[in-house]
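All remarks here apply to the structure that follows.
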Amino acid sequence: MTELQVQVFGTRKSKETRAAERFFKERKIRIHFVDLKERPIAKGELGRFVQKFGLNALLDLSGKAYERSNLAYLRTTEDGVIAKIIDDPDLLRLPLVRAGKHLTVGEDIEGWKAMLAGS
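For the sequence shown, this note's numbering gives the first residue as 12, with consecutive numbering after it.
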């Protein structure tokens, strides 16, 4: 059995990201943290989440960054929105968590438990 490794995409100031880190660390699961403020998410990686959940599910529609971005009023393509997300990770519902083919968005304790069960 291979050791489960989890990738957590988020920012240091996101309490939901810290909750994900804490969840996996408490269970002694090795995490690879990607700080989206230092290193933007790769378009292909983001694409996996978009494919599974849809673009709107990834957006933090109640966040200040979304309000500031005017995305609610702009007519733009999915690629345009993805480009904005890559530039401004605050638009995302953080964290994005990946363990193999298992993906979760936001603070999703049930999803994280399923990752552990599916390993």
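Backbone N, C-alpha and C define an ideal beta-carbon position, used for all residues, glycine too.
Coarse secondary structure for residue i, derived from DSSP in three states
| i | result |
| --- | --- |
| Arg109 | strand |
| Ile120 | helix |
| Arg41 | strand |
| Leu103 | strand |
| Thr115 | strand |
| Leu127 | helix |
| Asp71 | coil |
CA-to-CA distance, residue j to residue i, given in whole angstroms
| i | j | result |
| --- | --- | --- |
| Met12 | Lys112 | Caution applies to Met12, whose pLDDT of 43 falls short of 50 and renders its modelled position unreliable; the model cannot decide the point. |
| Leu85 | Arg79 | 12 angstroms |
| Val19 | Ile93 | 19 angstroms |
| Ala128 | Tyr77 | 34 angstroms |
| Gly21 | Leu15 | 19 angstroms |
| Val61 | Arg29 | 22 angstroms |
| Glu89 | Arg33 | 33 angstroms |
| Arg23 | Lys48 | 8 angstroms |
| Asn81 | Gly122 | 30 angstroms |
| Ser11 | Ala83 | What the structure shows of the chain is the stretch from 12 to 130, and residue 11 is not part of that stretch, so it cannot be assessed. |
Extent of the continuous beta strand (DSSP E) run through residue i
| i | result |
| --- | --- |
| Gly21 | 16-21 |
Contact check, residue i vs residue j, beta carbons under 9 angstroms
| i | j | result |
| --- | --- | --- |
| Lys75 | Thr87 | no |
| Glu27 | Glu118 | yes |
Where the alpha helix (DSSP H) containing residue i begins and where it ends
| i | result |
| --- | --- |
| Gly65 | Premise fails: Gly65 is in no alpha helix (DSSP H) and is neither H nor E. |
Inter-stretch contact at 8 angstroms, needing at least 3 Cβ pairs: the region 41-54 / the region 90-109: The region 41-54, when compared against the region 90-109, does touch it at the 8 angstroms Cβ threshold.
Given 8 angstroms, three or more beta-carbon pairs between the region 64-84 and the region 92-102: With the rule of 3 Cβ pairs closer than 8 angstroms, the region 64-84 counts as touching the region 92-102.
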